[in-house]
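**Q**
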Amino acid sequence: MVALPSRRSGLRGLLVGIAALTTFLGMRTYVPTPSAQIAAAPALAPTPVRAPRPDVPLPIDETRYGEKVRWLADRQLSRPPEWRVLLLDKTFRNVSNTTAKVAACLVSVLGLAGYVAKIKAEHAKDHFFSVVAVEQDYRDAVRKAQALQGRGLAVRVVPGTSRSTLQPQPRKEAQPSMASQR
Numbered sequence: 001m002v003a004l005p006s007r008r009s010g011l012r013g014l015l016v017g018i019a020a021l022t023t024f025l026g027m028r029t030y031v032p033t034p035s036a037q038i039a040a041a042p043a044l045a046p047t048p049v050r051a052p053r054p055d056v057p058l059p060i061d062e063t064r065y066g067e068k069v070r071w072l073a074d075r076q077l078s079r080p081p082e083w084r085v086l087l088l089d090k091t092f093r094n095v096s097n098t099t100a101k102v103a104a105c106l107v108s109v110l111g112l113a114g115y116v117a118k119i120k121a122e123h124a125k126d127h128f129f130s131v132v133a134v135e136q137d138y139r140d141a142v143r144k145a146q147a148l149q150g151r152g153l154a155v156r157v158v159p160g161t162s163r164s165t166l167q168p169q170p171r172k173e174a175q176p177s178m179a180s181q182r
């Protein structure tokens, strides 16, 4: 039989006695040491030092991300009151597209006055875009945009949110003034 430790031997003697008893009975005890606690601490998994070489990126799908723009129209919303044809500053990236040439294209396709076409071309060059035509029918706006694209200009058709002042409005009859009624 195993003798129990005396009180004088203290805690150390108690641990030795328990270890001897468990060994005698065939059980193992695990007394963690500080080095074992450090080794068992949670750690992040090792990462590779060098990232794998990335593949060459895939080319852009021109059918999805080309120069065309699509809208997902909500059927509950009303149709826009007008469609605007925008002349983009991208037109002037081509060195053959000068302000005079672009203005001449606007005059011939849209029937604008020469000085108005020149102002619109300069505005598009300096301010990213210019509204060159306003149509109520979408197909008419697209026809004009395609005619301008055929001449090498970069244009877009966008919905207008309100009636613009570019389109001639029907004139209201003048109200008689108070002085003329007397």
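Counting from 1, one number per residue, gives the positions in the sequence shown under full-length UniProt numbering. We put the beta carbon where it would ideally sit given N, CA and C, even for glycine.
Is residue 111 helix, strand or coil by DSSP?
**A** Note: residue 111 maps to coil in three-state DSSP.
**Q** In chain order, what residues of the same chain have a beta carbon less than 8 Å from the beta carbon of residue 138, not counting five sequence neighbours either side?
**A** Hits under 8 Å: 83, 157.
**Q** Relative to the C-alpha of residue 146, which candidate in 46, 85, 56 has its C-alpha closest?
**A** Cα-wise, what sits closest to residue 146 is 85.
**Q** Should residue 58 go down as buried or exposed, given a rule of 16 or more other Cβ atoms within 10 Å for buried?
**A** Classification for residue 58: exposed.
**Q** Looking at the strands, I want to know which residues DSSP matches up with residue 135.
**A** DSSP, once it has assigned bridges, lists 83 as partnering residue 135.
**Q** Starting from residue 160, follow the beta strand (DSSP E) in both directions and report where the run begins and ends.
**A** Note, residue 160: beta strand (DSSP E), 155-160.
**Q** Alpha carbon to alpha carbon, how far is residue 133 from residue 126? Give it in angstroms, no decimals.
**A** The straight-line gap from Cα to Cα measures roughly 18 Å.
**Q** What does a CB cutoff of less than 6 Å around residue 130 pick up in its chain, not counting 5 residues either side in sequence?
**A** Around residue 130: 87, 120, 123, 124.
**Q** If you compare alpha carbons, which of 46, 151, 160, 96 is closest to residue 107?
**A** Nearest of 46, 151, 160, 96 to residue 107, Cα basis: 151.
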